[in-house]
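Residue numbers (this note's numbering): 4 to 439.
In structure tokens form, the structure reads like this:
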């Protein structure tokens, strides 16, 4: 009888010690984040995980924790970081949930319990159910792919460029669901999986479009433009460029450049046509200044045509799969500046720093501002055993693999080490910062 009481008390104490409130306590992981605009409002939507430990064992300097994740959806106000609404969605194992994407008035998800559905961004209540989708597409009823939880992202995806949901039936056919009409159309071509963006937030080289950027060096990294040194005095310890990963923004950036190079081709062709019409249609005289001009214009036209062709191919890649190995776009609040992520020092617990850098006339670099982020490490994995880390994260079982960077007007929003931070892009001032 006493043994039974001791066991019961032990279980109770263990649960009391390890249980975390899904709605109130800090998250232990972030699965996905999106900046979302609707009705003139801008918010940060995140799918978060709270780890519920069921046992914790230590020995020989190692601690082993076992347990399970419970998911929640959180919506934060971009203006001040305030939590607007939150919803608990259940255990990851028994009711896995995938955050698909955002469209006007709808945040889309897939789960075993509710299938494909959307939630209202104001209250996170069901808005469009899978039943409504089946009513519009009766051929899909009972025919959607059946899969394990880890396979959901393979069969149900979201295309940020076209704002469509990709569905898969139980025969492996892909369907594109129009999120406005809710009509699904079967794909007749081979489908390339749409890449989940945001997994690689940094770049050290930009090969397309022009100008070409690189950042390299032994410890302190120097920026080169089109392969040439530019302001060698501006360097960053372990610096990397912050890249734009939103496919819709990439597509818009490419479209602007396609228009530019298309106009350039037209202007060059007009000038070439005038020169070739000289001397009764024979063109410029041999070794004349006009011939030198024509040769340069031909070279410029070839370059513009090549850039136009490469950009069109990159645009096709991004529309189909969310990224392109040909094209890299730096996260930028305008057409001339970008951000560098670097570290404050060489120690394990060195902090992370963000700098805004401006390039003028492809020849002059200027550092606009530099902001250190208090309490956040440049390398979270290397800092796990430091006293600073143990002081800041003394509870829970945090995972720091997730990161996210995006722009909302004149705000740089990023998620790092389970914190959301907002910087003023004009001054670098930390507008707000909160533990998730």
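No residue lacks a Cβ here, since even glycine has one placed at the ideal position from N, Cα and C.
Asked, Found
"Host alpha helix (DSSP H) of residue 422 (start-end)", "Residue 422 -> not in any alpha helix (DSSP H); beta strand (DSSP E) instead, spanning 422–427."
"Straight-line gap, residue 82 to residue 333 (C-alpha atoms, nearest Å)", "24 Å"
"Three-state class that DSSP yields for residue 286 in the structure shown", "coil"
"Which of helix, strand or coil DSSP assigns to residue 438", "strand"
"Buried/exposed call for residue 289, threshold 16 Cβ in 10 Å", "exposed"
"Whole runs of the alpha helix (DSSP H) within the region 278–327, excluding any shorter than 4 residues", "281–284, 292–324"
"Sub-7 Å separation of residue 35 and residue 115 beta-carbons", "no"
"Inter-residue spacing [alpha-carbon to alpha-carbon] between residue 303 and residue 269", "12 Å"
"Helix, strand or coil at residue 178 [DSSP, three-state]", "strand"
"Exposure label - residue 366; buried when at least 16 CB within 10 Å", "exposed"
"Residue from 178, 230, 261, 208 whose Cα sits closest to the Cα of residue 242", "208"
"Boundaries (first-last residue) of the beta strand (DSSP E) holding residue 27", "Segment: none, residue 27 is in no beta strand (DSSP E) and carries neither H nor E."
"Cα-Cα separation between residue 245 and residue 52, rounded to whole angstroms", "25 Å"
"Cβ contact (3+ pairs, closer than 8 Å) linking the region 294–310 and the region 274–282", "yes"
"Cα-Cα separation, residue 237 to residue 230", "16 Å"
"Residue 90: first and last residue of the uninterrupted beta strand (DSSP E) it sits in", "86–94"
"Residue range of the unbroken alpha helix (DSSP H) whose run includes residue 160", "Note, residue 160: premise wrong, no alpha helix (DSSP H); beta strand (DSSP E) at 160–162."
"Minimum Cβ-Cβ distance from residue 73 to chain B less than 7 Å", "Looking at the structure shown, chain B is missing, and only one protein chain is on hand."
"Span separating the alpha-carbon of residue 79 from that of residue 404", "21 Å"
"Every unbroken beta strand (DSSP E) within the region 348–397, with a cutoff of 3 residues, ordered by chain", "354–363, 367–380"
"Residue 322 versus residue 44: straight-line alpha-carbon distance, rounded", "26 Å"
"Which of helix, strand or coil DSSP assigns to residue 254", "helix"
"Distance cut-off 6 Å: residue 432 Cβ against heavy atoms of the ligand HEM", "Ligands in the displayed structure: none, and consequently the ligand HEM is not present."
"C-beta contact flag for residue 318 and residue 257 at 7 Å", "yes"
"Residue range of the beta strand (DSSP E) that includes residue 139", "No beta strand (DSSP E) holds residue 139; the alpha helix (DSSP H) holding it covers 133–139."
"Length-filtered (3 minimum) beta strand (DSSP E) runs lying within the region 202–251", "216–219, 223–228, 238–240, 243–245"
"Span separating the alpha-carbon of residue 307 from that of residue 316", "14 Å"
"Spatial neighbours of residue 251 in its chain, beta-carbon cut-off 6 Å, leaving aside the 5 residues before and after", "163, 164"
"Beta-carbon proximity of residue 375 to residue 354, cut-off 7 Å", "yes"
"Under 7 Å between C-beta atoms of residue 111 and residue 118", "no"
"Which listed residue (364, 132, 194, 93) has its alpha carbon closest to that of residue 109", "132"
"Cβ separation of residue 31 and residue 402, assumed to be a contact under 8 Å, to the nearest whole Å", "6 Å"
"Classification of residue 15 by the beta-carbon crowding that lies within 10 angstroms, buried from 16 upward", "Note that residue 15 has pLDDT 39, beneath the 50 cutoff, so the model's placement of it is unreliable and the number below is only indicative. Per the 10 Å Cβ criterion, exposed."
"Three or more C-beta pairs below 8 Å linking the region 135–148 and the region 195–204", "no"
"Residue 113, enclosing beta strand (DSSP E) - first and last residue", "109–114"
"Run of the beta strand (DSSP E) containing residue 415, from where it starts to where it stops", "414–419"
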